[in-house]
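So for the sequence shown, full-length UniProt numbering puts the first residue at 1; every next one is plus one.
Cβ atoms here follow ideal geometry from the backbone N, Cα and C, with glycine treated the same way.
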Amino acid sequence: MKNQITAKIKEEKIIAIIRHLGAKDAEALCEALYKGGIRLAEITFDPAGTIPAEETAKTISVLRDKFAGKMLIGAGTVLDMDYARIAIGAGAEFIISPNTDPDVIRYTKECGRVSIPGAMTPTEVVSAYRAGADFVKVFPSDTLGLKFIKALRAPLPHIPLIPTGGINTGNIADFLSAGAAAVGIGSNLSRNDLVKAGRLDEITALAEEYLRAANGGAAKC
């Protein structure tokens, strides 16, 4: 299972990050993204507590059932073991964090899921990978920039990186050309305002635009 998930992430390249939505709206958003060609979705936890962890777990579970065999559904903002247990219990197929917690990495791998902890510096990236990460999320990439990703890849070409933050249709191809294994895209793609307004066709069109940009302007087969 884990190897298949890892391969799918490398193949699909775009992880749509979904924040601050209940199960019904998240399902509508995922359907629109799927129609546009997106196959990877990250449902984030909310440490501020606006959306309880249990509700996020329910959303993950609902989406896993709804999109089984169509999309991979993962969990984001998994800060510690409490979140990791909840996420994996809900069926999350990959676990993404803004930080690196060796216990979360270890538990994720023991459960046969894909581990994607976050890091910012070369030391943090190497530490995360040595702890067992399958990919390392480089965050915040909008602050670090494309040049940083290129510089990081030079001494660390063996570590699969997933830049997250500030990815748009104008720079996604550059990040992928720089060696990113995949990218995480939040509100630039997963537009909650469009979901709330019922303008789901616009999200589908946006997903298609991102896929074209990722493929250098060519449509995905």
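(Q) At the level of alpha carbons, what is the spacing between A214 and I172? (A) 6 Å
| Looking only at DSSP bridge pairs, what is E42 linked to? | I17, G74
> Thinking C-alpha only, which one of E42, R19, A182 is nearest A7?
Replying inline: Nearest of E42, R19, A182 to A7, Cα basis: A182.
#### Entry: Residues of its chain near K10, where Cβ-Cβ distance is below 8 Å and the 5 sequence neighbours each way are ignored
P160, A181, A182
What separation, rounded to the nearest whole angstrom, lies between the Cα atoms of L48 and A90? What sits at residue 48 in the sequence shown is Ala, not Leu. Those two C-alpha atoms are separated by around 20 Å.
Quiz item: Three-state secondary structure (DSSP) at I162?
Solution: strand
| task | Measuring alpha carbon to alpha carbon, tell me which of T164, A133, A131, F135 ends up nearest residue 236. | result | Here the chain covers residues 1 to 221 and nothing more, so residue 236 does not appear.
With distances taken Cα to Cα, identify the nearest neighbour of I14 among K24, L40, G22.
Comparing alpha-carbon positions, the option among K24, L40, G22 lying closest to I14 turns out to be L40.
Does the beta-carbon distance from I73 to L63 come in below 9 Å? yes
Taking the alpha-carbon of S177 as reference, which of I17, R153, T44 has the nearest alpha-carbon?
R153
How many angstroms separate the CA atom of G118 from the CA atom of A197?
33 Å
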